[in-house]
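Converting from the sequence shown to the numbering used here requires adding 19 to each position, the first position being numbered 1. Think of the CB as a built atom: it goes at the ideal place given N, C-alpha and C, for glycine as much as any other residue. Treat the numbers as computed from the prediction; the structure is a model and nothing was measured. First the structure, in the form of structure tokens, and then the observations on it.
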Amino acid sequence: MKLVLSSSNQVALKDVVAELISARIASRIASKEDSLWGAEAQPEASIRLGWITSAQDSQALLPSIFALRDEFASQGINRFVLCGMGGSSLAPEVITKNAKVDLVVLDSTAPDQVAAALIDLDRTAVVVSSKSGSTVETDSQKRAFETAFRAAGINPTERIVIVTDPGSPLDKASREAGYRVFNADPNVGGRYSALTAFGLVPSGLAGADITALLTAAVAVSPALGSDSVDNPALQLGALLARSKNGAGHKDKFLIESDELAGFGDWVEQLVAESTGKEDKGILPVVIDSQAPEISALPEDTLLIRFGSEATGNTDAAFSGSLGELFLLWEYATVIAGFLQGINPFDQPNVESAKVAARALLDSPATGAEVDFVDRGVSVKSYGFDLNGGTLDLAVEQLLGLVDNSSYISVHAYLNRMAYPQLEELRDLLAKRSGRPVTFGWGPRFLHSTGQYHKGGPKQGVFLQLTGEFENDLAIEGRPFSFGGLIQAQAAGDANVLKDNGLPVLTLKLGNVLSDLENLKQVIAS
């Protein structure tokens with residue numbers, strides 16, 4: 020594991036790192052001192068520091084995971100689906116991608132994406148991951164698989180594996196129903212859970228080398244808990260907190276990790292949800308090596324890359340194995356929270372979008388509430404007034420709200436497996452605006468960056484993309500369908516952003532791919 024700061028950052032952060040060493044911050048974190056983030060944060064911190072020793076504590080899980088993997092293999096079951104949201108899905112996704120083993124990650128309520136996962140049931144096992152079981156997306160996905168398994172003549176309890184906190188409602192109900200259950204450490208929050216049962220069970224069943232993952236994390240733990248100038252977590256934490264520590268206002272950072280597939284998405288949810296609150300925070304922006312911001316870096320934005328050298332305008336380069344890097348970034352994030360006076364363990368604004376979506380499901384609007392329709396695209400603005408009646412003018416008005424402290428965020432409430440082309444909008448908007456641009460798939464981002472959008476600095480300008488779902492999918496035992504759920508989630512989130520004083524432009528695409536081409540032309544013009 021290695022972190023290399025640019026020469027200018029080595030100078031700028033020298034005193035901050037020295038202060039962290041003098042205050043013994045790393046060793047106090049390693050000893051699970053829960054008072055570091057202040058008296059208000061202490062009750063939450065006292066039950067959220069289990070991640071520090073997760074790599075050691077999770078060793079006991081390995082025999083049970085491997086035994087279940089062998090049992091499934093003996094039955095010809097070799098396809099694994101994970102139903103989970105936020106950290107429960109992003110960590111297994113990055114683990115399995117880099118292990119080059121297959122895992123179907125279902126972290127969506129788009130009916131076509133859910134339906135696409137309900138295939139090959141004769142060789143499929145499903146992991147349902149939720150700390151409490153109350154997450155509406157995960158509960159709905161579980162119901163869909165239960166229905167599909169029963170229709171195929173398969174007992175769901177033989178194919179669905181539950182990962183949850185001990186004593187949770189899901190734990191109790193699952194054990195009573197006869198499901199296999201793995202309990203995770205209840206003293207670890209979802210975004211810090213990569214090295215707990217949430218990260219290990221689906222990854223291990225799919226065939227990733229989770230033993231090596233834990234071994235690497237155990238080996239690096241002493242270095243990350245040391246009060247030493249060579250501790251990369253102190254350096255990275257100080258860098259992330261640059262907007263607070265006097266070394267220059269840098270409250271956004273680009274993360275490029277093309278060679279470590281999916282790692283940027285995991286970092287994004289960890290840092291954004293941990294720091295985006297009380298109108299403070301650090302915005303992670305996931306990019307690839309071709310992103311236009313790299314050559315024209317905004318003044319308030321850092322560039323952090325996976326690699327061994329901090330060349331050019333790179334502020335820091337990090338390298339190491341996945342087990343090492345999970346722990347490095349977790350330490351660095353809570354250190355940044357300490358420096359900025361932020362509780363890195365709560366997520367006070369995540370619930371707001373859930374409540375708004377629930378209200379819409381209970382009292383659905385009649386008819387489509389849109390400002391106008393142009394070229395088959397239904398257009399609706401939240402938090403600002405549209406004075407024009409064309410798609411072009413609507414986009415221009417949204418972009419006209421961008422200033423030199425803004426970021427743009429694209430939220431696509433569509434099937435991410437079917438429409439990866441939508442991510443092309445990120446680079447186009449970055450090139451057009453000269454500002455950092457994030458891209459999130461709804462509703463999964465609601466469990467990660469959604470906290471930052473509502474609780475962090477009020478700098479966001481939001482473009483929301485939704486669509487029609489010709490083949491909706493019912494949810495057994497619920498009065499709403501997947502199509503109704505995802506539409507309520509999109510509208511609910513837009514309303515909450517508006518209520519926080521943030522502008523949102525919603526475009527409901529009639530034909531996703533052709534409308535995307537029109538939209539790209541509008542942005543590029």
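- By the 16-neighbour rule on beta-carbons within 10 angstroms, GLU388 is exposed.
- Per DSSP, ALA329 lies in no beta strand (DSSP E) and is assigned neither H nor E.
- For HIS430, the enclosing beta strand (DSSP E) begins and ends at 426-431.
- Note: LEU125 is bridge-paired with CYS102 in the DSSP secondary-structure output.
- For the pair ILE313 and ILE274, the CB atoms are not nearer than the 8 Å cut-off.
- Just measuring C-alpha positions, the residue of ILE301, GLY300, ASP334 and GLY326 sitting nearest LEU316 is ASP334.
- The shortest C-alpha to C-alpha distance from ALA355 to any of ASP381, ASP76, SER293 and LYS399 is the one to SER293.
- Secondary structure of GLU275 (DSSP, three-state): strand.
- It is roughly 16 Å from the alpha-carbon of PHE337 to the alpha-carbon of VAL113.
- For ILE229 against LEU259, the beta-carbon gap comes to about 28 Å, at or over 8 Å, which does not count as contact.
- Along the length of the region 152-227, whole alpha helix (DSSP H) runs at least 4 residues long occupy 155-170, 175-178, 188-196 and 216-225, reported in chain order.
- Closest option to ASN490, judged by alpha-carbon separation, among ALA42, ALA74 and VAL133: VAL133.
- Residue environment analysis places LYS373 among the buried positions, since at least 16 neighbouring C-beta atoms fall within 10 angstroms of its C-beta.
- Following the DSSP letters along the chain, one finds GLN75 inside the alpha helix (DSSP H) bounded by residues 73-76.
- Nearest in C-alpha terms to LEU279, of all of GLN359, VAL305 and ASP190, is VAL305.
- By alpha-carbon distance to ALA236, the top candidate from ARG199, ARG194 and GLU343 is GLU343.
- For a cut-off of 8 Å, the C-beta gap from SER382 to VAL515 is around 16 Å, too long to register as a contact.
- When DSSP reads this structure, ARG454 sits in no beta bridge, so it has no partner.
- For TYR401, the beta-bridge partners assigned by DSSP are VAL523.
- By the Cβ criterion, the region 350-365 is in contact with the region 54-61, since at least three pairs of Cβ atoms, one from each stretch, lie closer than 8 Å.
- The secondary-structure analysis by DSSP pairs ARG445 with nothing; it has no beta-bridge partner.
- Contact between the region 391-404 and the region 84-101 is absent: fewer than 3 CB-CB pairs across the two stretches fall below 8 Å.
- In summary, VAL480 is buried, with 16 or more beta-carbon neighbours lying within 10 Å of its beta-carbon over all protein chains present.
- Looking at the DSSP output, PRO303 sits in a beta bridge with PHE272.
- In the three-state DSSP reduction, VAL392 falls in the strand class (E or B).
- Around the Cβ of HIS430, a 10 Å sphere holds 16 or more other Cβ atoms; the residue is buried.
- Annotation for SER308: GLU275 and ASP277 place their beta carbon closer than 7 Å to its own, counting only its chain and skipping 5 residues before and after.
- The criterion of a C-beta distance shorter than 8 Å is not satisfied by LEU253 and VAL30.
- Non-local C-beta neighbours of ALA510 in its own chain, meaning closer than 6 Å and more than five positions away in sequence, comprise LEU379, ordered along the chain.
- As the crow flies, the alpha-carbon of GLY281 is around 30 Å from that of GLU177.
- By the neighbour-count definition (other C-beta atoms within 10 Å, threshold 16), PRO439 is an exposed residue.
- Only exposed fits ALA42, as fewer than 16 other CB atoms lie within 10 angstroms of its CB.
- Judged by beta-carbon spacing, VAL396 lies within the 8 Å limit of ASP534, meaning their Cβ atoms are closer than that value.
- Rounded to the nearest angstrom, the Cβ distance from TYR211 to TRP70 is 4 Å, consistent with a contact under 8 Å.
- Rounded to whole angstroms, the gap between the alpha carbons of SER65 and PRO303 is 26 Å.
- C-alpha of LEU81 to C-alpha of PRO221: approximately 12 Å in a straight line.
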